[in-house]
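Here my numbering is used: the first residue of the sequence shown is 1, the next is one more, and so on.
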Amino acid sequence: MATAVYQVSSSCVPATNYELAPGNDIPLKYVETMGSTKSTKSMESRRRSSRSVSLLQALEESYEVDLVYITERIISVSFPSCVEETSYASNLREVASMLRSKHQDNYLLFNLSEKRYDINQLNPKVLDFGWPDHHAPALDKICSICKAMDTWLSADSHNVVVIHNKVR
Numbered sequence: 001m002a003t004a005v006y007q008v009s010s011s012c013v014p015a016t017n018y019e020l021a022p023g024n025d026i027p028l029k030y031v032e033t034m035g036s037t038k039s040t041k042s043m044e045s046r047r048r049s050s051r052s053v054s055l056l057q058a059l060e061e062s063y064e065v066d067l068v069y070i071t072e073r074i075i076s077v078s079f080p081s082c083v084e085e086t087s088y089a090s091n092l093r094e095v096a097s098m099l100r101s102k103h104q105d106n107y108l109l110f111n112l113s114e115k116r117y118d119i120n121q122l123n124p125k126v127l128d129f130g131w132p133d134h135h136a137p138a139l140d141k142i143c144s145i146c147k148a149m150d151t152w153l154s155a156d157s158h159n160v161v162v163i164h165n166k167v168r
C-alpha cells in the first residue's frame, strides 16, 4: 500500500481554531477520564450515531486503545506499547473501520510515535513525524506538524486529522 506524501510550504502563522463554536443552548462541560479531557457534548454527539456506539463502547471498555475527539476535526488515537501484537492488530482494524465509516477518505493520519509499518492500516495517507523516545521534538518539526495539519484542515471543511501519539 503506497503512502501519500504531502508538501507543506506555508510559513508559521498564528493557529486557526478548527473547533465549531458551541451552541448557546447547550453548555460545554469537560470531564476527566483516564488522563484524557473529553467534552460531554462531543461524547453525546458521538453516541448518537448508532454505527460507532458499539465500537466506541468496546474501545473504552477494553482499555487497549485510547481514541479521543479533541475537537470535531482533530482526533487523538494511541495504543499502549505493552499490548500484544494480535490485540494491537485487532484494535487497529476496529479503529480503521470506525474512521472510514465516519469520515470516509477525509482523514489524514499524523504518526507522532516511533515508526510502525502497520499504522498504514488506519489510512494509507500517513505523515510520519516520529522522533526518538525520551527526547523532545525540534521546534522546526513541531512547526512542520502544525503547518501540515493547517494545510489539510483548510483544504476541505470535512477533512479531519488523526494524531497517532506515543503512550507508555
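The beta carbon of each residue, even a glycine, is placed where N, CA and C say it ideally should be.
If you're wondering where the values come from, they're calculated on a predicted model, not measured in any experiment.
Buried or exposed: residue i, going by 16 or more other Cβ atoms within 10 Å of its Cβ?
{"i": "SER113", "result": "buried"}
{"i": "ALA155", "result": "exposed"}
{"i": "ILE142", "result": "exposed"}
{"i": "ALA89", "result": "exposed"}
Find the nearest neighbour of residue i within the set the options, judged by alpha-carbon distance.
{"i": "SER78", "options": "PRO124, THR86, LEU127 and VAL68", "result": "VAL68"}
{"i": "ASN111", "options": "VAL160, LEU153, ILE145 and THR151", "result": "ILE145"}
{"i": "LEU153", "options": "CYS82, TYR107 and PRO124", "result": "TYR107"}
Quick check: the Cα distance between residue i and residue j, rounded to an integer number of angstroms?
{"i": "ASP128", "j": "THR86", "result": "23 Å"}
{"i": "ILE163", "j": "HIS135", "result": "18 Å"}
{"i": "GLN104", "j": "ALA138", "result": "33 Å"}
{"i": "ASP140", "j": "TRP131", "result": "12 Å"}
{"i": "ALA148", "j": "HIS158", "result": "16 Å"}
{"i": "ARG93", "j": "ASP133", "result": "25 Å"}
{"i": "ILE70", "j": "ASP150", "result": "15 Å"}
{"i": "ASP118", "j": "ILE75", "result": "19 Å"}
{"i": "ALA96", "j": "ASN165", "result": "16 Å"}
{"i": "CYS82", "j": "LEU109", "result": "22 Å"}
{"i": "PRO80", "j": "LYS102", "result": "24 Å"}
{"i": "MET98", "j": "PRO124", "result": "15 Å"}
{"i": "ASN120", "j": "GLU84", "result": "18 Å"}
Based on the DSSP output, what are the partners of residue i in its beta bridges?
{"i": "SER76", "result": "VAL68 and ILE163"}
{"i": "ASP128", "result": "ASN111"}
Give me the Cβ distance between residue i and residue j, rounded to the nearest whole Å; I'm assuming they're in contact under 8 Å.
{"i": "VAL161", "j": "ARG100", "result": "At roughly 15 Å, the Cβ-Cβ gap does not stay under 8 Å, so VAL161 and ARG100 are not in contact."}
{"i": "VAL65", "j": "ASN91", "result": "5 Å"}
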